[in-house]
Amino acid sequence: MRIAGGSAIPIRIPLNEPFRIASGSLTHSNHVLVRLVDRDGRVGWGETTTFLEVYGYDQDGLAHMVEAHFIPAVVGMDPRDPRSLHERLERVAPFNRMAKAGIDLAAHDLWARAEGVPLHRLLGGRRVERVPLTGVIDLLPPAEAAAAAAHRVSSGFATLKIKIGSDPQDDLRRVAAVREAVGPRVRLRVDGNCGYDLASALAVLPRLEEFSLEWIEQPLPRWDLEGMARLARRLRTPLAVDESAASVHGVRRAIEAGAAAVVNVKLAKCGGLFPCREIAALCLSAGVRCVLGGCLEAATGTAAGLHLYASTPPLESAAEIGGPWLYGDDVAARLPEAVAGAMALPEGPGIGVEPDEGKIALYRPRRREP
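Counting from 28, one number per residue, gives the positions in the sequence shown under my numbering.
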């Protein structure tokens with residue numbers, strides 16, 4: 028079984044509402060679908076995405092890296108050997124994990140489709156039938172955040188993640204309003220998306236702890252592991268790393284620095300299924316919790332995340348992969364809505380979703396004139 032070729036397809040799907048975090052805001056997706064074909068004509072699909080203000084490159088750059096450099100590099104390779112694929116991609120271009128993620132997912136999908144089995148069967152088998160999900164509250168005014176939180180809880184979500192990191196007083200009001208709206212039993216996480224400096228974090232985070240938080244994610248810039256470690260010593264609430272945790276080496280540094288009690292792994296951010304499983308294994312051996320996050324993926328990327336969660340032992344906390352429901356449409360068959368705050372794995376071989384050529388044409392951006 029050998030890869031014969033492929034393509035990278037940029038996709039822009041409007042969000043139902045703007046999504047705001049401390050680093051910036053989005054009004055539409057920045058997805059890139061990756062299509063790999065083997066020598067027998069079988070097709071595997073992957074998906075990746077980016078966010079310029081967070082990850083440093085745009086959709087055009089992501090699609091170019093996949094199609095001009097990474098697809099030619101894997102032609103002739105066996106999709107059943109993800110380690111060798113990643114070693115080849117790393118020799119072609121270091122970093123660029125989001126571009127590598129698209130190749131990784133498409134190769135895994137191709138492999139599982141060839142075997143005629145769901146993806147989780149290749150990853151060790153299904154541990155759970157349904158994946159618990161987290162409802163995410165972005166940088167909304169306090170009253171709107173409270174209403175959104177109450178709606179998610181009434182829909183069955185038992186865990187919520189509240190974005191912070193914009194203005195300390197606004198953050199306090201937002202978290203207080205959400206806690207009052209949902210009561211004491213709902214688990215709350217907060218995520219600063221690198222929005223604070225150390226002085227601001229030391230001032231506001233102890234006050235946020237009064238709202239009984241499950242953990243506090245990435246309040247400081249990705250490079251400030253020393254500051255994160257200082258915070259960890261001052262707070263009783265566990266600290267999670269996200270932007271500081273894009274690779275096995277980055278996660279190891281964060282753990283050794285005392286900056287991470289929780290690690291947020293994301294398929295696009297970390298480079299795909301294979302690196303995420305390596306990071307999860309490291310967390311398991313280090314006694315650190317590991318949570319599956321998302322980058323606002325659409326159906327293909329989210330379905331891959333469901334398979335990863337179901338087959339990877341350290342991933343037990345509610346997953347943060349609700350991207351598809353932020354969009355009014357998708358280029359693949361829509362995943363079913365979460366029921367009681369959880370989702371079943373997709374049926375069928377591979378990742379379990381099939382992109383629609385008509386929808387791809389609809390949401391493929393027109394080429395900009397030079």
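C-beta atoms are modelled at their ideal positions from N, C-alpha and C, and glycine is treated no differently.
Remember, predicted model here, so these are calculated numbers, not experimental data.
Three-state secondary structure (DSSP) of residue i
i	result
residue 103	coil
residue 56	coil
residue 250	coil
residue 159	strand
residue 168	coil
residue 244	strand
residue 402	There is simply no residue 402 to check, as the chain begins at 28 and stops at 397 in what is shown.
residue 374	coil
residue 351	helix
residue 218	strand
residue 198	helix
residue 110	helix
residue 66	coil
residue 289	strand
residue 81	helix
residue 51	strand
residue 93	helix
residue 262	coil
residue 326	helix
residue 278	helix
residue 209	helix
residue 284	coil
residue 366	strand
residue 380	coil
residue 119	helix
residue 345	coil
residue 273	coil
residue 360	coil
Length of the line joining the Cα atoms of residue i and residue j
i	j	result
residue 32	residue 285	44 Å
residue 111	residue 118	11 Å
residue 391	residue 39	6 Å
residue 42	residue 86	16 Å
residue 361	residue 375	15 Å
residue 396	residue 387	Annotation note: pLDDT 47 at residue 396 (below 50); position unreliable, coordinate value reported separately. Taking the straight line joining both Cα atoms gives about 21 Å.
residue 106	residue 326	22 Å
residue 136	residue 191	36 Å
residue 163	residue 232	19 Å
residue 272	residue 292	7 Å
residue 344	residue 62	31 Å
residue 405	residue 328	This structure cannot settle anything about residue 405, because the visible part of the chain is limited to 28 through 397.
residue 186	residue 102	43 Å
residue 384	residue 353	21 Å
residue 405	residue 202	Residue 405 is absent from the structure shown; the chain starts at 28 and stops at 397.
residue 381	residue 134	15 Å
residue 189	residue 182	17 Å
residue 320	residue 369	15 Å
residue 52	residue 372	30 Å
With 16 other Cβ atoms within 10 Å as the buried cut-off, status of residue i
i	result
residue 120	exposed
residue 76	buried
residue 54	exposed
residue 168	exposed
residue 294	buried
residue 147	buried
residue 389	exposed
residue 330	buried
residue 277	buried
residue 179	buried
Endpoints, beta strand (DSSP E) assigned at residue i
i	result
residue 189	186–190
residue 71	70–76
residue 44	41–48
residue 230	Per DSSP, residue 230 belongs to no beta strand (DSSP E); it is in the alpha helix (DSSP H), 225–235.
Endpoints, the alpha helix (DSSP H) within which residue i is located
i	result
residue 138	124–142
residue 304	300–313
residue 34	Where residue 34 is concerned, there is no enclosing alpha helix (DSSP H), although the beta strand (DSSP E) it sits in stretches over 30–38.
residue 297	294–297
residue 319	Careful: residue 319 lies outside any alpha helix (DSSP H), inside the beta strand (DSSP E) at 316–319.
residue 149	146–149
* To do: Report yes or no: do the stretch 285–303 and the stretch 259–267 share at least 3 C-beta pairs separated by less than 8 Å?
  => yes
* To do: Please determine if the stretch 273–284 and the stretch 330–341 are in contact, where contact requires at least 3 C-beta pairs separated by less than 8 Å.
  => no
* **Contact the stretch 123–138 vs the stretch 87–98: 3+ CB pairs below 8 Å** => yes
* Inter-stretch contact (C-beta, 8 Å, three-pair minimum) for the stretch 239–249 and the stretch 202–218 -> yes
* Does the pairing of the stretch 173–183 with the stretch 203–211 give three or more beta-carbon distances under 8 Å? -> yes
* Would you call the stretch 308–317 and the stretch 55–64 in contact, with 3 or more CB pairs under 8 Å? -> no
* the stretch 289–309 touching the stretch 126–134, judged by at least three CB pairs closer than 8 Å -> yes
* To do: Check whether the stretch 135–154 touches the stretch 65–81, taking contact to mean three or more Cβ pairs, one atom from each stretch, closer than 8 Å.
  => yes
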